[in-house]
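Reviewing the structure listed below.
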Amino acid sequence: MSYAVGDRVRARTGDPDHHTRLPRYVRGQAGEVVALLGDWVLPDSSVAGLATTQTCYAVRFAAADLFGGGDHTVTVDLWESYLERA
Amino acid sequence: MSEHDHVHGVHGVHGGEDHHDLPVAARVRRLEERLIAAGVASDEEIDAFLARLYESASPVNGARMTARAWTDSAYRELLLSDGNAAAAELGFEGLGYQLRVVANTPQTHNVIVCTLCSCYPVSLLGPSPGWYKSFAYRSRTVREPRAVLAEFGVTLPADVGISVWDSTSEARYMVLPVRPVGTDGMAAAKLAELVTLKGLIGTALV
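Line by line, the protein sequences are chains A and B.
So the first sequence is numbered by our numbering: it starts at 355 and just counts up by one.
So the second sequence is numbered by our numbering: it starts at 109 and just counts up by one.
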């Protein structure tokens, strides 16, 4: 599954037992793709000695969704397998 | 939160600049000891790597790019669409990361953080300040940036939106501040002197 700018996506909820760069505070939350950054090695794979590349996306979340308050946005760079369509 | 706790929190975010006192410094020293003990790297190799990394790393670099963008609209466009190409144009080549520059406007103020560690464009901003690596800055900036900015002395009007960028990937972020009023006709070299490291992170207006 690949995404385009403007797509609504949701960060996966799982709590993997290995290294990941999916911050806990966005897990399960929906946001909007604002940029495609490139195809980069997935940190979850490099720590296992692999070099799986995936598209990385800048995804913008509303603070109110993440924290139940705040009028700001938080944009987080997330690899494709961290996301599902919202 | 009591008034006392609040004042204490101020120091927690941006009080000291002495890295040796920070918990992270103790962790780094311990990690270095383990690497050396395991034969992964020698003390000399680590020192040489850091010397190369920091040789030309300075916020003066980011300030020069900022001043050029303030005085050259084509360069500003390049800086915002292809940060690496814009950096290379001023002689900063082979950054080793994707540079993404986000522009402040009268409507939006940007601020950079790395909640997972302390990612940051070292070659263009110089060594990161102690507060940038602190748990307080990393955890609070995504949650309550307006309060964090106020502690840095940046009080934004309520109608100015805040956009926080969490550097979780191979991209490194830099803020392009708004050119200060009253600087019309000022040469780029003079303008660059106005730009601070905090301005390039977003914890100051310039």
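All residues carry an ideal CB built from backbone N, CA and C; glycine is no exception.
Quantities reported herein were computed from a predicted structural model and do not represent experimental measurements.
Measure from the alpha carbon of residue 228 of chain B to the alpha carbon of each residue in B:306, B:298 and B:140, then state which is nearest. Here residue 228 of chain B refers to the residue found at position 120 when the second sequence is read from its first residue. B:306 is the residue among B:306, B:298 and B:140 whose C-alpha sits nearest the C-alpha of residue 228 of chain B.
Please confirm whether residue 359 of chain A and residue 430 of chain A have their CB atoms less than 9 Å apart. What you label residue 359 of chain A is simply residue 5 of the first sequence in a count that begins at 1. What you label residue 430 of chain A is simply residue 76 of the first sequence in a count that begins at 1. Not a contact, by the Cβ cut-off of 9 Å.
Would you say residue 364 of chain A faces chain B, with C-beta separation under 9 Å as the test? Start at 1 with the first residue of the first sequence, and residue 364 of chain A comes out as number 10. False, the Cβ-Cβ gap to chain B never drops below 9 Å.
Measure from the C-beta of residue 372 of chain A to each C-beta in chain B and report whether the shortest distance is under 9 Å. Here residue 372 of chain A is taken as the residue at index 18 of the first sequence, counted from 1. Taking Cβ atoms only, chain B never reaches closer than 9 Å to residue 372 of chain A, which makes this a no.
What is the residue span of the beta strand (DSSP E) that residue 248 of chain B lies within? Working through the second sequence from its first residue, we reach residue 248 of chain B at position 140. Careful: residue 248 of chain B lies outside any beta strand (DSSP E), inside the alpha helix (DSSP H) at 243-251.
Excluding the 5 residues preceding and the 5 following residue 452 of chain A in the sequence, name in chain order all residues of the same chain whose CB lies nearer than 8 Å to its CB. Past the edges of chain A, shown from 355 to 440, lies residue 452 of chain A, and the structure says nothing about it.
Can you look up residue 212 of chain B in the DSSP assignment and give me helix, strand or coil? Working through the second sequence from its first residue, we reach residue 212 of chain B at position 104. Correct three-state label for residue 212 of chain B: coil.
Would you verify that the beta carbon of residue 431 of chain A is, or is not, closer than 9 Å to some beta carbon of chain B? Here residue 431 of chain A is taken as the residue at index 77 of the first sequence, counted from 1. Chain B, which has a Cβ nearer than 9 Å to the Cβ of residue 431 of chain A, makes this yes.
Below 8 Å between beta carbons is the criterion; list the residues of the region 267-298 of chain B that meet it against any residue of chain A, in chain order. Answer set for the region 267-298 of chain B: 269, 270, 271, 272, 273, 274, 275, 276, 277, 278 and 279.
Report all residues from its chain with a CB closer than 6 Å to the CB of residue 248 of chain B; omit the five preceding and five following residues, and keep chain order. Residue 248 of chain B sits at position 140 when you count from the first residue of the second sequence. Counting only Cβ-Cβ distances below 6 Å, and skipping sequence neighbours, we find 256.
Assign residue 301 of chain B to one of three DSSP states: helix, strand, or coil. As a position in the second sequence, residue 301 of chain B is number 193, starting the count at 1. If DSSP states are grouped into helix, strand and coil, residue 301 of chain B belongs with coil.
So which residues of chain E does residue 391 of chain A contact, with C-beta pairs closer than 9 Å? Among the protein chains of the structure shown, namely A and B, there is no chain E.
Taking residue 215 of chain B as the reference, which of B:203, B:286 and B:296 has the closest Cα? By one-based count along the second sequence, residue 215 of chain B stands at place 107. The alpha carbon of residue 215 of chain B has as its nearest neighbour, out of B:203, B:286 and B:296, the alpha carbon of B:286.
Cα separation between residue 298 of chain B and residue 174 of chain B? Numbered from its first residue, the second sequence carries residue 298 of chain B at position 190. Numbered from its first residue, the second sequence carries residue 174 of chain B at position 66. Rounded to the nearest angstrom, the two C-alpha atoms are 12 Å apart.
From which residue to which residue does the alpha helix (DSSP H) around residue 174 of chain B run? In the second sequence, counting from the first residue as 1, residue 174 of chain B sits at position 66. In the DSSP assignment, residue 174 of chain B falls within the unbroken alpha helix (DSSP H) covering 167-179.
Can you find a CB in chain A that lies within less than 9 Å of the CB of residue 250 of chain B? Working through the second sequence from its first residue, we reach residue 250 of chain B at position 142. Yes, residue 250 of chain B lies at the interface with chain A (some Cβ there is under 9 Å from its Cβ).
Could you tell me the boundaries of the beta strand (DSSP E) in which residue 356 of chain A lies? Taking the first sequence and counting its residues from 1, the one referred to as residue 356 of chain A is at position 2. Taken as a continuous stretch (DSSP letters only), residue 356 of chain A belongs to no beta strand (DSSP E), as it is neither H nor E.
Going by C-alpha distance, which of B:135, B:303, B:200 and B:193 is nearest residue 232 of chain B? As a first step, residue 232 of chain B is located in the second sequence; it is residue number 124 there, counting from the start. Selected option, being the one with the closest Cα: B:200.
Compare the C-alpha of residue 220 of chain B against each of B:203, B:154, B:276 and B:177 and name the closest. What you label residue 220 of chain B is simply residue 112 of the second sequence in a count that begins at 1. The shortest C-alpha separation from residue 220 of chain B is found at B:276.
Count the other CB atoms within 10 Å of the CB of residue 146 of chain B; is the residue buried (16 or more) or exposed (fewer)? Here the question's residue 146 of chain B lines up with position 38 in the second sequence. So residue 146 of chain B ends up on the exposed side.
For residue 317 of chain B, count the other beta carbons within 10 Å of its own beta carbon; 16 or more makes it buried, fewer makes it exposed. Which is it? Outside the shown range of chain B (109 to 314) lies residue 317 of chain B, about which nothing can therefore be said.
So which residues on chain A does residue 224 of chain B lean against when the C-beta distance must stay under 8 Å? Sequence index remark: in the second sequence, residue 224 of chain B carries index 116 (1-based). Chain A residues near residue 224 of chain B: 375 and 377.
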